[in-house]
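This report concerns only the one structure given below.
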Amino acid sequence: AAAAARMFGQPQTGGLFGGGGGFGQPGAPQVRDPNTNGSAVVPNPPDDGISALAWSPAANIIAASSWDKSVRIWEVSPTGIMAKLAYQHEAPVLCCNFSKDGQRVVSGGCDNKVKMKVLATQQEQQIGQHDAPVKEVFVVDEMNMVISGSWDKTLRFWNCQQPTPVATLNLPERVYSMDVKFPLLVVGCADRHVLVYNLQNIQQNQNPYKNGQSTLKMQTRTISCFPDKTGYAVGSIEGRCSIAYIEDTSKNFAFKCHRTNDEIFAVNSIDFHPTMGTFATCGGDGTFVFWDKENRQRLKQFTSCNYPIVSGKFNAPGDMYAYATSYDWSKGHEGNHPSLPKSIMIHKVLEDQVKPKQGSNQRTRR
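Numbering (the numbering used here), first residue to last: 11 to 376.
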């Protein structure tokens with residue numbers, strides 16, 4: 011317990027990113043400590059912006075993909091967080107995920123490749139190829155397949171035995187976000203297209219089960235399936251989140267989030283708690299927030315990290331929430347300064363932060 015208290019201890023004052031004028035670079039923004047919530051800080055973070063986080067379903071092992079062309083993997087234990095291994099792509103990596111047994115990591119990036127790393131043997135292979143950067147990748151153990159989505163406007167299915175895809179689905183636009191909770195697959199594309207697939211009968215029928223557009227007026231940034239697979243949440247660049255049910259659309263609603271009085275930020279990532287049915291959003295305003303969709307209310311808002319949060323994920327038991335701060339490209343390449351912190355932090359989740367509050371009528375503002 012003492013080790014855990016040290017690990018999730020108080021915010022460090024000063025420290026790595028404390029004070030100073032951004033490492034003495036002229037015109038550099040003053041760098042502030044992003045650990046404003048007393049989280050555990052992951053050592054040896056990537057050297058450039060973080061694109062995605064993923065937890066192993068089988069252990070407290072976390073992976074991060076980065077614009078520095080790497081995928082890095084750490085082990086989180088009560089005594090601390092230890093870097094385990096890393097591997098490289100030939101260009102920025104945009105996505106990473108684990109197999110169900112936690113033994114394999116898959117990743118995709120701007121080298122148009124889908125790669126797989128076996129953790130036990132460190133064996134690495136290219137298992138897929140697209141004609142443009144790979145934005146999303148998932149291991150679907152129930153099908154013995156890896157599914158990747160790309161800016162080449164396709165979904166491709168790989169069996170890791172042959173270099174050509176087992177199947178290719180053409181999409182109306184580039185893939186911006188995607189989530190899989192078998193048999194549900196939801197893809198968010200450019201121009202606000204959202205396609206819902208049933209993977210159980212994809213071999214018989216490759217058409218989407220539902221095909222439409224997001225109810226949000228602005229570009230889709232993130233999609234996450236409900237754990238019970240009855241629907242999905244969509245976050246947009248305009249500080250808004252939509253809750254969409256696949257069958258009972260009368261329950262659909264949308265709400266505003268990640269906004270201040272004078273500025274609107276992107277919802278960069280949404281993730282559902284594995285057992286509570288509640289969910290977390292994180293945004294360009296530097297905050298992460300826990301929500302309850304059933305009672306339409308905010309459960310807990312955390313202190314801003316001073317920098318955009320680009321990805322946030324619950325671990326399999328739901329007692330830790332990992333989140334990454336780095337530049338989110340919302341202000342173009344001009345806003346990307348090398349001194350901006352790239353950090354991954356782990357928040358210890360307390361049950362009352364994620365448990366639905368029954369009978370409450372504190373509605374989130376629509």
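By construction, the Cβ of each residue, glycine as well, lies at the ideal position given by its N, Cα and C atoms.
{"query": "One or two residues paired with residue 357 in a DSSP bridge", "result": "331"}
{"query": "Check whether residue 328 and residue 290 have beta carbons under 7 Å apart", "result": "no"}
{"query": "Residue 83 vs residue 73 beta-carbon contact at 7 Å", "result": "yes"}
{"query": "Sequence-distant residues of the same chain with beta carbon closer than 6 Å to residue 95, five excluded per side", "result": "83"}
{"query": "Straight-line Cα distance separating residue 165 from residue 71", "result": "27 Å"}
{"query": "Nearest-angstrom Cα separation, counted from residue 109 out to residue 132", "result": "15 Å"}
{"query": "Among 256, 315, 326, 257, the one whose alpha carbon lies nearest that of residue 285", "result": "326"}
{"query": "Cβ pair residue 196, residue 255 closer than 7 Å", "result": "no"}
{"query": "CB-CB length for residue 300 against residue 363, believed under 8 Å", "result": "6 Å"}
{"query": "DSSP-derived helix/strand/coil call for residue 259", "result": "helix"}
{"query": "Short Cβ contact (7 Å threshold) for residue 320 with residue 336", "result": "yes"}
{"query": "Nearest-angstrom beta carbon gap, residue 170 and residue 228 [assumed within contact, 8 Å]", "result": "In fact, because the Cβ distance is near 37 Å, the residues do not count as touching under 8 Å."}
{"query": "Backbone secondary structure at residue 345 - three-state DSSP", "result": "helix"}
{"query": "Cβ neighbour criterion (16 or more within 10 Å) applied to residue 33", "result": "Reliability fails at residue 33, whose pLDDT of 41 lies under 50, so the model's placement of it is uncertain and the value that follows must be treated cautiously. By the 10 Å Cβ count, residue 33 comes out exposed."}
{"query": "Cβ of residue 138 within 7 Å of any chain D Cβ", "result": "Absent from the structure: chain D. Only one protein chain is present."}
{"query": "Beta-carbon spacing of residue 97, residue 116 below 7 Å", "result": "no"}
{"query": "Residue burial classification, residue 261 (beta-carbon count within 10 angstroms, cutoff 16)", "result": "exposed"}
{"query": "Helix, strand or coil at residue 209 [DSSP, three-state]", "result": "helix"}
{"query": "Limits of the beta strand (DSSP E) - the one that residue 178 falls within", "result": "177-180"}
{"query": "Residue 238 (DSSP reduced to helix, strand or coil)", "result": "coil"}
{"query": "Burial state of residue 205 (16 or more Cβ within 10 Å)", "result": "buried"}
{"query": "Residue nearest to residue 88 in terms of C-alpha spacing, selected from 265, 330, 222, 63", "result": "330"}
{"query": "Cβ-based neighbour list, residue 139, same chain, cut-off 8 Å, excluding 5 preceding and 5 following", "result": "122, 123, 124, 173"}
{"query": "C-beta contact flag for residue 198 and residue 157 at 7 Å", "result": "no"}
{"query": "Of the listed residues 75, 58, 56, 54, nearest to residue 64 (C-alpha basis)", "result": "75"}
{"query": "Residue 360 versus residue 292: straight-line alpha-carbon distance, rounded", "result": "18 Å"}
{"query": "Unbroken beta strand (DSSP E) run spanning residue 309, endpoints", "result": "307-311"}
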